[in-house]
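Protein chains: 2
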Amino acid sequence: MSVGLQFGNQPGLYLGSQPGLMQSPYMRPFSVIQLRLQACRSFVTESNSSSKDHNPNSPPSPPRRRILFSRLLTLSKYTLYLSLTSVVGLIVLTSFLFIHDLFTYTSRHVDRVPINPLALHLERGGPKNLPIARVLVDDDEDEDMHRIARDKPRLVVVGGGWGAMGVLQTLHLGDYHVTVVSNETFTTFTPLLPSAAVGTVQVRSLIEPIRKIVARLRGHFLNGKAVDVDFNQRLLEVECIGNGERVYIPYDKLVIAVGSTSSTHGVPGLDHCFQLKTIADAQAIRRRIMDNFEAASLPTTSPSERRRLLSFVVCGGGPTGVETAAEIYDFCQEDIMNYFPKICREEVSIHVIQSREHILNTYSEAISRYAEDKFGRDGVHLITSARVAAVSPEHVIYTAKGEDGKMAQHTIPTNFTLWSTGIAMNPFAKRVTDLLPNQVHKKAIEVDAHLRVKGTPQGTVYAVGDAATIETSLVSHFLEFVEEADKNKDGKIDFEEWEVMVDRIKKKIPMAEDHVLKAREIFTMYDKNGDNTLELNELVKLLEDLGSKITSLPATAQVASQQGKYIGRKFNKLARTREREEQKLGRVQADTASTPSAITVKDPQESMIDISDESICAPFRYLHLGSLAYIGNAAVFDLGKYSFMGGLAAMYAWRSVYWNEQVSMRTRALLMIDWIVRGVWGRDLSRL
Amino acid sequence: MSVGLQFGNQPGLYLGSQPGLMQSPYMRPFSVIQLRLQACRSFVTESNSSSKDHNPNSPPSPPRRRILFSRLLTLSKYTLYLSLTSVVGLIVLTSFLFIHDLFTYTSRHVDRVPINPLALHLERGGPKNLPIARVLVDDDEDEDMHRIARDKPRLVVVGGGWGAMGVLQTLHLGDYHVTVVSNETFTTFTPLLPSAAVGTVQVRSLIEPIRKIVARLRGHFLNGKAVDVDFNQRLLEVECIGNGERVYIPYDKLVIAVGSTSSTHGVPGLDHCFQLKTIADAQAIRRRIMDNFEAASLPTTSPSERRRLLSFVVCGGGPTGVETAAEIYDFCQEDIMNYFPKICREEVSIHVIQSREHILNTYSEAISRYAEDKFGRDGVHLITSARVAAVSPEHVIYTAKGEDGKMAQHTIPTNFTLWSTGIAMNPFAKRVTDLLPNQVHKKAIEVDAHLRVKGTPQGTVYAVGDAATIETSLVSHFLEFVEEADKNKDGKIDFEEWEVMVDRIKKKIPMAEDHVLKAREIFTMYDKNGDNTLELNELVKLLEDLGSKITSLPATAQVASQQGKYIGRKFNKLARTREREEQKLGRVQADTASTPSAITVKDPQESMIDISDESICAPFRYLHLGSLAYIGNAAVFDLGKYSFMGGLAAMYAWRSVYWNEQVSMRTRALLMIDWIVRGVWGRDLSRL
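Residue numbers (the UniProt record's numbering), protein chains in the order written: chain A, 1 to 688; chain B, 1 to 688.
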């Protein structure tokens, strides 16, 4: 790794084909040190020549030059010392790693694995008479995992995104028999997908195998797609990926974290667009971008065709769209410029089509303006208050107001269109809402303030993230509110009762809190006849208006992650409480006697003591930590109260925020490496 | 990066989901130091608990424990010091990189690029009247590149493998107008493909964009497939990738380095096999391996199906096959074991089918034996002296001698078959041999000792690597040999003349050298009638026998690379000589006057002065530096005279050899990182 770093202070220098350096033998400290010496020297000359005031053609006066040079010499001396220090350290660390290899390169052999016959021959059952996986092949494979599996409520998490990770990372080991069902084998750090789409970071630096994450909980991973569910028998129907067979996974608690898909807004030809929701998307985009540049540099490509190949259209001025546009711009500036025919760089055009007046319209106004100015300087073509009319492989058609104020239709010839706006329901989420009569929301599964899916048996099914939306309707709780508040049962609500009701409302729907602060004002406002009591019709009106004021949470990673963590903490508490209850009931677990098959013979219900979510923890509260976005060698932060924006410094802040949010040290290390490699050698231009 | 390293001394410990560590803020030395402290402590406990003699249930006698512990404390203390040193160094280096970013994140804009109109509107011509790319879009883009382009002979290299890299890396800047035509945009470090196939290293660590390599020569890259060539008009016909259009690339010197494809040996169903020649192959294999393991851990998978999914068959016991088998074994041992159901690890079976008696049969006997023993210990199933009869998606059928000595047919159910034996001609190489009447070789283009393609105009077309084979037939030169040797023109060769002829033979076909050492013996042996002269019929017999003794060079990276470098050096010499000649002829280049279009109006011929290859350099000699192979936590080296084999130490030797052969510092750094990351966190289990 030392070798990877040592050219850091030679801007843009490419050492690939210098025979001298190519022979530098590996792990031979001296030569490395010599290399570093070279590095430092060339740093001196570098900065020397890069100092503006000094022009090679007319050499400056000797004294000034000597001072400058001596300064640089001292600098280089310190550089050398510090570099040496690091070499020593690195060599030591590396040798540690090599010693460590001695342990990892094992030739141990597995002795017969204990395996429950029921796991090999699944009994069939359930509404569709499919095999039911009550015991999994790895349930009994080691003794303590077995102990964990036995008698524990079965927690099944559907999905492998932010919500699911939130749950898995907050759960304690041993409270639940955890099974994760996901069609992807890894979890993705979605916020950096735009960077991955142009190769600023590698896709593998953004993903962590779900198996490694469930390993901490001794959990199980199933590579499958949830297709259906039976809420009464508590069976999740999973279509296995690979053999396509269907199987029931029994659950005591089900967490739905399947995320969302992009909505088409009924625009024709959206299948010609790229999306940026998965790693596969990022890879496809990167391949297309490289294709375009390679094709554009071919001798047979006509000038007009070249312009089409090099025009990149992004539909949607939200963070994803803006960041992708910015990354593409960076890519052209820093890498295409140096290695592709210059004509390619010259012909590049980047267009961002936004339906609102401003890009990043969810951010503060200052930020939108800053981003727009930045793009203005960079020559990124912003098209605001415009609607995309149609997309074809050859071009994008949009309508926008012209100078004359009339709506006019425009066409951009392009070979790359990214669609990054709007979300729609994932098929499984859709299926769930279809199964439940009182699910009316169009874009997500409605959950109550405790994130329980409305209409399912209490405390069994939860939904988080993009897949879920917290109910904001107060009227639907009208009766219970009156019930609880109307002490004197006179069918009217006087102010004291109203105050009680406000408390209830706050408890039930925390998001309503800000809207009922001025209890007195609201009361008087809706007390039309001024008899200092609210008749029920007045109350209905009031609740309706309040409900309409509440805005639902955005579909962001931040929300999903917080909801997941909330569920995880809740389940931990539940487990603790249940244990206490069980001890109270004197139910002592027979740790030795019961056989593995005990799991199957005993009814999952039995081990469950009904503990309502309300009794153990408060409803979910979203704490907005602010939003940030990368806009090309600059970044913007919207921290609610105040916002912060700037160049490189902000960019590093942006990086370090994301760096901290990583799910594992591994991805942290890889990200850091990617950023450094990009700094030293630029992005990889290979089309893979 | 410091954070990436600091867990090196905690074997197998996965820190991904420890909330405490996850929050460790980036680039804050103190907390990093604390982490390191933790690391050291846990290292103490680690090794403490891992010490065999000490069993947790019965604690050992206090004094021994205390001694051990104090020792470990001191050890950890030094670890700490050294780690600190490295942190300091790393922080410094990283900050340098961040300063350096200030330079790389540029917002410079391109001013109008000078471009030759002829590059935008190609004239048509040639036998098929296709556009001819005499001027490329980036020929004039900067002044000195322009100067290089003008008047220089046009060197066109077809292919982007070892041969091509050899040429490009030895050429001097400015002697030729270089154009590389390749269907892949990058060059691949093929020897490590088996490692990439299981994720020991990342595919991106094995590739380097060809553009970056030609950049040093201010050369051009064309993403296309060579399909045809006109040797008289010196036009290479290229099918552009992307738009699929065809274009002629004019050349003065053409180097064919297109490599080879796998031969089918006429075995039915080989399209169900994987190959391992390209990055795409490696990616496909990795995906399949992960698919198999995921499918094998599904609850719906039957035991027999699981066994089939987890049986990996490798056809061919050469280095590639052996290394792939070894890597798959490593992968199971080190990663599958830890994160997949243990039953999966238990059911894994790896089979190597080899046609000869031994695997690695091109290596020394000791090495074959060592490898076979190693595989024996690892439980890798070796099937030697066996022929693959047929391959289907479900199984592989092979025939082998049973105990009873009779040939019997066997079937291995499998979902993964790698075909890694035999090479066949690449389509373009095939086309070339079809064009040339005197090309008789079945598997490659025949070239003379100077690597000139036989039958093409002298000094215009060369072939290297797998695509080429050096002629070994002496008889074909019978007449010129006699011509040169038979001084007294008596149609007989006496011994003096024979000695002359031997010199000629050595010069013409260096590979024959070893066979004509004992000139006297050979002479007498073939001088049947003992009249101390060789009649022509005797001579013919002699030359035929000699020729048949010569074995052609193996199709290895080593050969290709050496041949490429040979061509590169030759071309450098040619350029020097030509310059001298031109100065002699008083042809002074008009550096200022001529316009860009000068390139096209002047006939490429003109600038060429015929200089025969013989006159400037000796024929190509292959110097075998030895072969090596990785066989799973062990490696073997065959250095001709003696061979060397062993465990980890040898493995590191193996690594460092390949590490040195990298084409760029970038890939070196990435490889090093991959090896370390694998050491610390294991391989990535994500299916991508």
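Ideal Cβ placement from N, Cα and C applies to all residues, glycine included.
Backbone CA spacing between residue i and residue j [nearest angstrom]
i, j, result
"B/GLN233", "B/ALA650", "52 Å"
"B/LEU93", "A/LEU90", "12 Å"
"B/GLY290", "B/SER686", "The residue asked about is misnamed: residue 290 of chain B is Met in this sequence, not Gly. Between B/MET290 and B/SER686, the C-alpha separation is close to 8 Å."
"A/ALA226", "A/GLY244", "12 Å"
"B/GLU141", "B/VAL636", "50 Å"
"B/GLY547", "B/PHE416", "42 Å"
"A/LYS454", "B/LEU671", "52 Å"
"B/ARG683", "B/ILE676", "10 Å"
"B/ASP638", "B/ARG369", "13 Å"
"A/ILE207", "B/VAL201", "16 Å"
"B/LEU536", "B/PHE495", "13 Å"
"B/PRO554", "B/LYS508", "20 Å"
Cβ of residue i within 9 Å of any chain B Cβ
i, result
"A/CYS315", "no"
"A/TRP681", "yes"
"A/LEU585", "no"
"A/GLU208", "yes"
"A/GLY126", "no"
"A/ALA669", "yes"
"A/GLN202", "yes"
"A/PHE96", "yes"
"A/GLN283", "yes"
Three-way DSSP call (helix, strand, coil) for residue i in this model
i, result
"A/GLY125", "strand"
"A/ALA555", "coil"
"B/HIS441", "coil"
"B/SER31", "Note on B/SER31: pLDDT 39, under 50, position unreliable in the model; the coordinate value appears next. B/SER31 falls in the helix class under three-state DSSP."
"B/ALA618", "coil"
"A/TYR363", "coil"
"B/ARG65", "helix"
"B/HIS351", "strand"
"A/ALA280", "helix"
"B/VAL482", "helix"
"A/SER686", "coil"
Chain A within 9 Å of residue i, Cβ atoms only
i, result
"B/LYS342", "yes"
"B/VAL87", "yes"
"B/SER297", "yes"
"B/LYS212", "yes"
"B/ARG687", "yes"
"B/GLN409", "no"
"B/CYS273", "no"
"B/ALA133", "yes"
"B/GLU582", "no"
"B/GLU323", "no"
Below-9 Å beta-carbon distance, residue i vs any chain D residue
i, result
"B/ASN529", "The structure shown contains no chain D; its protein chains are A and B."
For the region 555-574 of chain A and the region 607-624 of chain A, state whether three or more C-beta atom pairs, one from each stretch, are separated by less than 8 Å. Yes, the region 555-574 of chain A touches the region 607-624 of chain A.
Of all the alpha helix (DSSP H) runs that stay within the bounds of the region 149-187 of chain A, which reach a length of 4 or more residues? Within the region 149-187 of chain A, the complete alpha helix (DSSP H) runs of at least 4 residues are 162-170.
Decide if the region 195-207 of chain A is in contact with the region 268-286 of chain A; the criterion is three or more beta carbon pairs, one per stretch, under 8 Å apart. These segments touch.
Any beta strand (DSSP E) of 3 or more consecutive residues that is wholly inside the region 247-276 of chain B: Runs of the beta strand (DSSP E) inside the region 247-276 of chain B: 253-256 and 260-262.
Under 8 Å, with one C-beta from each stretch per pair, do the region 253-262 of chain A and the region 330-349 of chain B reach the 3-pair mark? In short, these stretches do not touch, since the Cβ pair count stays below three.
Does the contact criterion of 3 or more C-beta pairs under 8 Å hold for the region 459-470 of chain A versus the region 249-256 of chain A? Result yes; three or more Cβ-Cβ pairs closer than 8 Å.
Is the region 311-328 of chain B touching the region 337-353 of chain B, taking contact as three or more C-beta pairs under 8 Å? Because the criterion of three Cβ pairs below 8 Å is met, the region 311-328 of chain B and the region 337-353 of chain B touch.
How about the region 152-163 of chain A and the region 292-299 of chain A: do they share at least three Cβ pairs that are nearer than 8 Å? Remark: fewer than three beta-carbon pairs, one from each stretch, lie closer than 8 Å, so the region 152-163 of chain A and the region 292-299 of chain A are not flagged as touching.
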